[in-house]
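Shown next, in structure tokens, is the structure this report addresses.
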Amino acid sequence: MLAVRSLAFNLCFYAATTLIAFGGLPTLVSGRAVMRLARFWGRVTLWLLRVVAGTRVEFRGLENIPSGAMLVGAKHQSALETLALCTVFPEFAYVLKRELLFIPLIGWFLSRSGMVAIDRSKGARAMSLMNAAAADAIAQGRQLIVFPEGTRTAPGAAPAYKQGLSHLYAALSVPCLPVALNTGLYWPRRSFVRRPGTTVIEFLPPIPPGLARAAFLDLVEDRIETASKALLAAGLADLGQAARTVPEPRRETSRPA
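Numbering (this note's numbering), first residue to last: 454 to 710.
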């Protein structure tokens, strides 16, 4: 039954994505229209996930979201949160790899919607270019979403937070909203399986600007990992799996750039 529902969801998801992408080509005339299309895509995906796969997405801590411009530092386990967060933030902008802009069709929408792209081939200059694009997004009142580990990680894996989020926090002087989740249990990376149940995306109290970079990075990692570990345990119980040991968050004396 799980395989059948997962297959049905994936067929519906990719069909809906194709229809929305081609049907939404006229929105490329306006960045705001592209943003509305992305939010629609996110809502359609969450609806399909609930109706076809039996997976509900619960948003917790919505009262913790400040108004206006901010940084959003989110745990990244699945493609699900990328779509789900679009439905929460009215003026979202993702920090992403520049290579994604060259994907046919998808890249057109990303470019038109004003995402902050990092060109890693620029070396040290990449940070200054990212700063300028991020500052422009913040000046427009946007919510800048960053995945501080840089890639999707399996639930329970030891974290490896990079310096990008703390760099932006110091440069932009805006609050940072930490986001914990357990989506990887229900929409695993590199898998077609979609498990039924209730996955949780939790918005934690925002961290005000002004902390030293090292202190901020330690704090945001501790908050996200502590909450994500609790959500992981709850998710395993929801899925009816036996309890297992979850690795403690790894502390490092030096962090990768």
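By construction, the Cβ of each residue, glycine as well, lies at the ideal position given by its N, Cα and C atoms.
All values reported here derive from a predicted model rather than from experimental measurement.
Residue 547: member of the beta strand (DSSP E) spanning 545-550, first to last residue.
Listed in chain order, the non-local C-beta contacts of residue 623 below 8 Å within the same chain comprise 666 and 669, local neighbours out to five positions each way being set aside.
In the structure shown, residue 652 adopts extended strand secondary structure according to DSSP, grouped into three states. Closest option to residue 572, judged by alpha-carbon separation, among 584, 550, 560 and 593: 550. For residue 677, the enclosing alpha helix (DSSP H) begins and ends at 666-691.
When 578, 649 and 604 are compared, the shortest CA-CA separation from residue 455 is found for 649.
Under the three-state reduction of DSSP output, residue 600 falls in the coil class, being neither helix nor strand.
DSSP places residue 605 in no beta strand (DSSP E); its state is neither H nor E. Beta-bridge analysis with DSSP links residue 523 to 596. In summary, residue 593 is exposed, with fewer than 16 beta-carbon neighbours lying within 10 Å of its beta-carbon over all protein chains present.
By the CB criterion at 9 Å, residue 507 and residue 578 fall outside the cutoff. Put simply, the region 604-614 does not touch the region 504-518. Fewer than three CB pairs are less than 8 Å apart. A Cβ-Cβ separation of about 20 Å leaves residue 529 out of contact with residue 470 under the 8 Å criterion. Membership of residue 460 in the alpha helix (DSSP H) is indicated by the continuous run 455-476. Residue burial annotation: residue 658 is exposed, with fewer than 16 other C-beta atoms found within 10 angstroms of its C-beta. Apart from sequence neighbours up to five positions away, the residues of its chain that approach residue 567 with a beta-carbon distance below 7 Å are 484, 546 and 590, ordered along the chain. Counting along the chain, the unbroken alpha helix (DSSP H) around residue 536 starts and ends at 533-537. A direct Cα-Cα distance of roughly 16 Å separates residue 638 from residue 462. With at least 16 other beta carbons inside 10 angstroms of its own, residue 684 counts as buried. Cβ-Cβ separation between residue 536 and residue 494: approximately 7 Å, consistent with a contact (criterion under 8 Å). Per DSSP, residue 571 is one residue of the beta strand (DSSP E) stretching across 569-571.
Beta-bridge pairing by DSSP links residue 511 to 653. For the pair residue 679 and residue 656, the Cα-to-Cα distance works out to about 13 Å. DSSP, reduced to helix, strand and coil, places residue 631 within a strand of the structure shown. The beta carbon of residue 646 sits closer than 6 Å to those of 459, all from its chain and outside the five residues before and after it, given in chain order. The beta carbon of residue 692 sits closer than 7 Å to the beta carbons of 638, 648 and 650 from its chain, once the five residues preceding and following it are set aside; these are given in chain order.
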